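In the numbering used here, the protein residues as written are 395 to 955.
From the three backbone atoms N, C-alpha and C, an ideal C-beta is built for every residue, glycine too.
Fair warning: this is a prediction, and the values are worked out from it, not measured in the lab.
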């Protein structure tokens, strides 16, 4: 192995193009790891509502490591209360919405005094001419009507699960913060209504609008509960119920003052009842944006039985087995007559993942908390926690999987004390704020970004200045076949003819794909799948192969120009 020094910003020079941002900010005291990691180039400051100086900086790391907001505050720290608490509530482009809670103690009880809202903006901090530093702006508070009559009124508390942020320019009207509440329409047959608390042009307002949905979807919407918010492009916010569907809304609709939220189902069967299963869903399912934040993608990790049936099973032959499925949302038309549909674009079975040499040592359990790369829709980061043992620090693995080539791009093993590790759970945001600090780049995101080389990070040396890369593992993770003998064309044809409902055209495409599969990876993976999963798996492989062929042809044409 060869040790290569790094500043934690990735293989290339400068800052990473996108980061996985932890929701919880880190208070900078002298002995905290973030004190050394926070970057002065990213620092911005302003005054709180109480007149104290709040200073924010960023500790930016290349995925799958965690990036963090770091902060200090001039308010004296009460040892019993600790410093003010800061968290990230939303992220979009070059901006972050951060909340700071100031507390006080009365007797034996702790009380929240104020909750300040700030907009951190990196802008084109390095590329601007002349360069300008990042900014931190104190946003106005909003008080609910009944709270203004209290002796010490508290502003409305924004929840990161229901609050979204959009920023598309420098003007005040180009900033939108929106918090969603789904309510009954009033009458039994009335459509569900979206109540949106919206900050625009520096003022808060409450906007109510019926939620448009297709016929037969009213019952799904009646059980709505918001799990997360995702900005799509620079106009739309997408609220997500991971059990049922999404609500899309153009927050800059200039047609009139009425917003038009629209509901679309997820391509997954909703729960049969309204029992709370959110904790389970959050760990195995997520809606993300990719291609620079313009495309919505759904990732689902589900256990399966040895027969291919989806869902938890007690079958001895299916312990820990799972399948990863991904879908992309396609949107046609404008908001008045929008059609949206999901298409499945990848399927990775546990047997494919476990057979990779680079996966050796990683626990054979369901990967959790998926995060799709902002650059490449095929690359997904996962967290794989180890079984906790008494007397030992809790450890987790972080893997970066290319669902197109079925290879591992990165494998990390970190303990709970590592500053590179994410807070356990879904408390994170995907952000391109780091991209703003690069002085020169290609000027935007594109689909031809070079995929990262395989990187192995060990917990004993996983610090800001030590990343271990093993180039020899790159070739070993290219194949899961491990010298398996490729069957004859006649045997491949017979194997495909056994698959139920596989059309003749798809059979011929699959036959060609498997016959020219030199390393035997696809054939080995197919043989490891139950019969009920072989057809959808083959269709995904055919789709990925054809997309790769088109991509290679386009690159060749570009080189010949």
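- Nearest neighbour of residue 774 by Cα position, chosen from 685, 440, 821, 733, turns out to be 685.
- Where residue 591 is concerned, the enclosing beta strand (DSSP E) starts and stops at 587–594.
- Taking 9 Å as the cut-off, the beta carbon of residue 496 is found closer than this to the beta carbon of residue 444.
- In this model, residue 652 and residue 888 are separated by some 60 Å (Cα to Cα).
- Note that the segment 612–630 does not touch the segment 591–602; fewer than 3 beta-carbon pairs, one per stretch, sit closer than 8 Å.
- When the Cα atoms are used, residue 611 and residue 659 turn out to be separated by approximately 8 Å.
- By the criterion of a C-beta distance shorter than 6 Å, residue 598 is surrounded in its chain by 536, once the five residues flanking it on both sides are discounted.
- For residue 886, the enclosing alpha helix (DSSP H) starts and ends at 883–891.
- DSSP lists 689 as the beta-bridge partner residues of residue 684.
- Taken atom to atom, the span from the alpha-carbon of residue 678 to that of residue 696 is near 7 Å.
- By alpha-carbon distance to residue 776, the top candidate from 587, 735, 738, 764 is 764.
- Inclusion of residue 441 and residue 463 in the CB contact set at 9 Å is not warranted, their separation being larger than that value.
- DSSP places residue 625 within a strand segment (E or B) once states are collapsed to three.
- Excluding sequence positions up to five before and after residue 556, its CB lies within less than 6 Å of the CB of 573, 574, 620, all in the same chain and listed in chain order.
- Listed as beta-bridge partners of residue 420 by DSSP are 464.
- Separation of the CB atoms of residue 411 and residue 829 is rounded to 5 Å, and the pair is thereby assigned contact status at 8 Å.
- Inclusion of residue 741 and residue 766 in the CB contact set at 9 Å is not warranted, their separation being larger than that value.
- Proximity of the segment 882–899 to the segment 924–932 meets the contact definition, three or more beta-carbon pairs being nearer than 8 Å.
- Selection 586, 481, 459 evaluated against residue 450 yields 481 as nearest (Cα-Cα).
- Note: residue 556 is not bridge-paired with any residue in the DSSP secondary-structure output.
- Secondary structure at residue 925: helix, using DSSP grouped into helix, strand and coil.
- Between the C-alpha atoms of residue 467 and residue 759 there is a straight-line separation of about 42 Å.
- Out of 421, 478, 749, the CA that lies nearest to the CA of residue 715 is found in 749.
- DSSP, read as helix, strand or coil, puts residue 459 in coil.
- Counting along the chain, the unbroken alpha helix (DSSP H) around residue 908 starts and ends at 898–909.
- Excluding residues up to 5 positions away in sequence, 662, 678, 679, 719 lie with their Cβ nearer than 7 Å to the Cβ of residue 694 in the same chain.
- At a cut-off of 3 residues, the continuous stretches assigned as beta strand (DSSP E) that sit fully inside the segment 696–779 are 716–726, 733–743, 762–766, 773–779.
- The secondary-structure analysis by DSSP pairs residue 603 across a beta bridge with 588.
- For residue 615, the enclosing alpha helix (DSSP H) stretches over residues 612–616.
- Going by DSSP, residue 639 is part of the beta strand (DSSP E) stretching over 639–644.
- Residue 416 places its beta carbon less than 9 Å from that of residue 821.
- A straight line joining the alpha-carbon of residue 739 with that of residue 721 spans about 6 Å.
- The residue from 681, 771, 790, 632 with its alpha-carbon nearest to that of residue 799 is 771.
- The distance from the Cβ of residue 645 to that of residue 576 is about 16 Å, inconsistent with a contact at the 8 Å cut-off.
- In this structure, the alpha-carbon of residue 902 lies about 10 Å from that of residue 909.
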